[in-house]
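Residue numbers (my numbering), protein chains in the order written: chain C, 421 to 653; chain Z, 421 to 653.
Here a beta-carbon is modelled for each residue, glycine too, at the ideal position from N, C-alpha and C.
Source: prediction; values computed, not measured.
Here's the structure, in structure tokens; my notes come after.
Protein chains: 2
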Amino acid sequence: MSPDARLSWKDVRDEIRDAILSGRYAPGDRLPRDADFAAMLNCARSTVQRAMQDLSDSGIVERRRKGGTRVRPDPVTRAMLEIPVIRREVEQKGGRYGYQLIRQAEAVPPAGICAACGLAAPAPMLRVEALHLSDGQPYILEDRWISLDTVPEIRAVDLTAQSANEWLVLNRPYSRCDLRLYAIPAETGAARLLGTAPGAALFVIERTTWIDTAPITTVRAIAAPGYQLVTQS
Amino acid sequence: MSPDARLSWKDVRDEIRDAILSGRYAPGDRLPRDADFAAMLNCARSTVQRAMQDLSDSGIVERRRKGGTRVRPDPVTRAMLEIPVIRREVEQKGGRYGYQLIRQAEAVPPAGICAACGLAAPAPMLRVEALHLSDGQPYILEDRWISLDTVPEIRAVDLTAQSANEWLVLNRPYSRCDLRLYAIPAETGAARLLGTAPGAALFVIERTTWIDTAPITTVRAIAAPGYQLVTQS
DNA sequence: TGACAGAATATGTAGCTACATAATACAAAC
DNA sequence: GTTTGTATTATGTAGCTACATATTCTGTCA
């Protein structure tokens with residue numbers, strides 16, 4: 421690599437970000453045009469464009485056609501969350517994965533579940549309750565509703581052998597996913613299954629997935645005490 | 421727009437994604453080369469490249485030089501989390517924002533805080549405890565440590581008038597941010613400040629920010645009961 | 001003064017080429 | 001048979017051009 425190698429778009433991004441971070445451009449300020457940056461940094465406009473796109477994606481900068489690019493006056497923290505399949509998560513942490521089906525029944529979902537799935541009228545669904553274990557210890561308790569309209573084959577799957585989580589992920593890719601994170605006190609039943617005291621603070625990941633506009637499943641995954649979701653960017 | 425308008429990279433992405441979702445390519449399968457897709461869809465390879473990049477970012481496919489592109493055998497859920505400045509969050513929900521400084525003192529941080537900041541040796545920091553309110557009700561209780569090495573000016577800021585959250589966001593942009601999400605039972609002090617019972621399940625967002633490798637601040641934001649973090653993608 | 005049409009402008013996108021880089025496959029040498 | 005070097009191949013990146021699109025600015029006319 422020669423000393424004056426060409427700048428990659430990441431170099432350009434870092435250059436511009438540093439200029440912003442150093443205070444050379446204050447929040448709300450308008451930045452030079454892409455073409456000017458290109459001239460300043462001696463690279464192509466397309467390179468600056470890619471860099472700016474990235475800065476825009478990460479919430480540092482705001483871009484508007486004709487309006488130009490300006491430093492976001494109200495920065496937001498944007499971070500990528502990654503939620504793997506539970507078996508993989510356990511194994512990646514070095515644990516031995518285990519799984520228990522607790523209950524499985526077709527039922528008409530309550531209004532809350534219909535709302536999460538964006539259903540106006542209740543449709544028949546399969547409710548599956550299961551426990552995921554790590555090294556024999558309760559790890560995540562899931563309470564899942566699966567749309568029988570969208571996934572009728574689920575009736576034929578043996579959910580004592582394979583978790584619905586895993587089967588769906590492998591057989592029913594989704595096009596959209598909503599997440600909802602919060603904390604709840606353990607109910608008596610959940611507490612018993614998770615091996616904790618009733619009322620304990622539990623972390624919940626609620627996830628609904630769709631294929632196009634058809635709901636596939638909505639899960640409430642209740643994590644055992646001590647569970648943490650970590651991101652970094 | 422003519423009927424056979426050129427495909428945008430998003431069209432190409434959707435086309436390929438649909439092919440995967442429909443099962444035409446199964447998890448683990450190798451996809452055609454970018455150039456082949458380009459020929460099939462009658463567009464440029466760069467357009468396919470952008471589409472594939474996006475599919476790769478969202479965790480649907482895996483790309484390797486020479487190895488080609490394959491459908492991820494172990495799909496992960498990736499979602500973008502967006503955490504605004506608290507004042508904005510409250511106002512966006514239509515609430516009236518309020519703020520109270522509870523305590524502020526220079527101190528040597530405990531080991532846990534040093535670790536979060538990646539500090540080997542304890543350095544003096546400013547600890548700030550404050551309560552954010554929505555319509556007069558407790559909303560988020562924050563327990564913050566600010567690095568006096570990185571942000572000495574914070575000593576001169578009147579934190580009764582403006583929250584550290586806001587001042588830092590406007591004056592100290594960061595280059596890196598780690599998030600940690602979990603649930604805890606309310607301690608006596610936190611319970612009183614948040615107007616809830618001791619032991620109540622509370623949602624916690626822990627965030628540490630750096631400028632390059634220098635830690636700026638680490639916060640533990642404890643949300644009042646009912647708080648939910650929502651994402652969609 | 002106000003409304004509206006059209007010009008100007010900055011970003012967004014697509015296409016092409018050329019070359020870089022990483023991973024694999026294969027063949028030669030020991 | 002194993003190792004090592006080289007060729008091949010698929011993706012990654014940069015540069016350029018051309019044109020699309022959204023907004024703002026400006027000038028004209030009522």
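Any C-beta of chain C under 8 Å from that of residue i
i      : result
Z/T637 : no
Z/L546 : no
Z/P542 : no
Z/E435 : no
Z/Q648 : yes
Z/D454 : no
Z/Y445 : no
Z/P423 : For Z/P423, the pLDDT reaches just 32, beneath the cut-off of 50, and the residue's location in the model is therefore unreliable, although a value from the coordinates is still provided. No, Z/P423 lies away from the interface with chain C (no Cβ there is under 8 Å from its Cβ).
Z/R450 : no
Z/C463 : no
Z/D598 : yes
Z/R627 : yes
Z/F623 : yes
Z/L441 : yes
Z/D431 : no
Residues of its chain near residue i, where Cβ-Cβ distance is below 8 Å and the 5 sequence neighbours each way are ignored
i      : result
C/P423 : Note that C/P423 scores a pLDDT of 33, beneath 50, so its modelled location is shaky and nothing firm can be said.
C/T497 : G479
Z/M421 : At Z/M421, the pLDDT of 35 sits below 50, so the modelled position is not reliable and the matter cannot be decided from this model.
C/A603 : A621, L622, F623 and V624
Z/V589 : V505
C/M460 : P452
Z/L599 : L501, I503, I625, E626 and R627
C/Q557 : G615 and A644
Other residues of its chain near residue i: CB distance less than 7 Å, five sequence neighbours each side excluded
i      : result
Z/S428 : none
C/P635 : C537, G538, L539, S567, T570 and T628
Z/P493 : P447 and G448
Short CB-CB distance (under 8 Å) between residue i and chain Z
i      : result
C/M386 : Because chain C in this structure spans residues 421 to 653, residue 386 of chain C falls outside the shown range and cannot be described.
C/T497 : yes
C/Q469 : no
C/M460 : no
C/R483 : no
C/G619 : yes
C/T489 : no
C/S466 : no
C/L427 : no
C/L475 : no
C/T651 : yes
C/L539 : no
C/L551 : no
Residue closest to residue i, alpha-carbon to alpha-carbon, out of the options
i      : options                           : result
C/T638 : C/E482, C/E509, C/I533 and C/L521 : C/I533
Z/L622 : Z/G488, Z/I560 and Z/R564         : Z/I560
Z/R627 : Z/A576, Z/E562 and Z/L613         : Z/E562
C/L649 : C/L601, C/D454, C/A535 and C/N462 : C/L601
C/T651 : Z/A459, Z/G487, Z/E502 and Z/D632 : Z/E502
C/A656 : C/M472, C/L441, C/R523 and C/W565 : Chain C is shown only over 421 to 653; residue 656 of chain C falls outside these bounds and no answer can be derived.
C/A525 : C/D456, C/M545 and C/Q512         : C/M545
Z/I611 : Z/E586, Z/W630, Z/I642 and Z/N585 : Per the sequence presented here, residue 611 of chain Z reads as Ala, with Ile not at that position. Of the candidates Z/E586, Z/W630, Z/I642 and Z/N585, the one whose C-alpha sits nearest the C-alpha of Z/A611 is Z/I642.
C/R640 : C/V548, C/R575 and C/R470         : C/V548
C/T467 : C/P495, C/D434 and C/G443         : C/D434
C/K486 : C/S595, C/S442 and C/D454         : C/D454
C/C597 : Z/A541, Z/A499, Z/L614 and Z/N585 : Z/A499
Residues near residue i by beta carbon distance below 6 Å, same chain, minus five either side
i      : result
Z/A620 : A606 and P645
Z/R516 : D555
Z/L521 : A550, L579 and T580
Z/S476 : R483
C/L553 : G518 and Y559
Z/I631 : Y594 and S595
Cβ-heavy atom distance, residue i to the ligand COA, below 7 Å
i      : result
Z/T638 : In terms of ligand content, the structure shown is empty, and the ligand COA therefore cannot be addressed.
Please list, in chain order, the residues of the segment 604-615 of chain C that have any C-beta partner in chain Z closer than 9 Å. I604, P605 and A606
Going along the segment 581-593 of chain Z in order, which residues come within less than 7 Å of chain C, judged by CB to CB distance? V589, L590 and P593
Using Cβ-Cβ distances below 8 Å, what residues of the segment 553-580 of chain Z are close to chain C? Taking 8 Å as the Cβ-Cβ cut-off against chain C, none of the residues of the segment 553-580 of chain Z qualify.
Chain Z contacts from the segment 503-535 of chain C (Cβ-Cβ distance under 8 Å): I503, P504, V505 and R508
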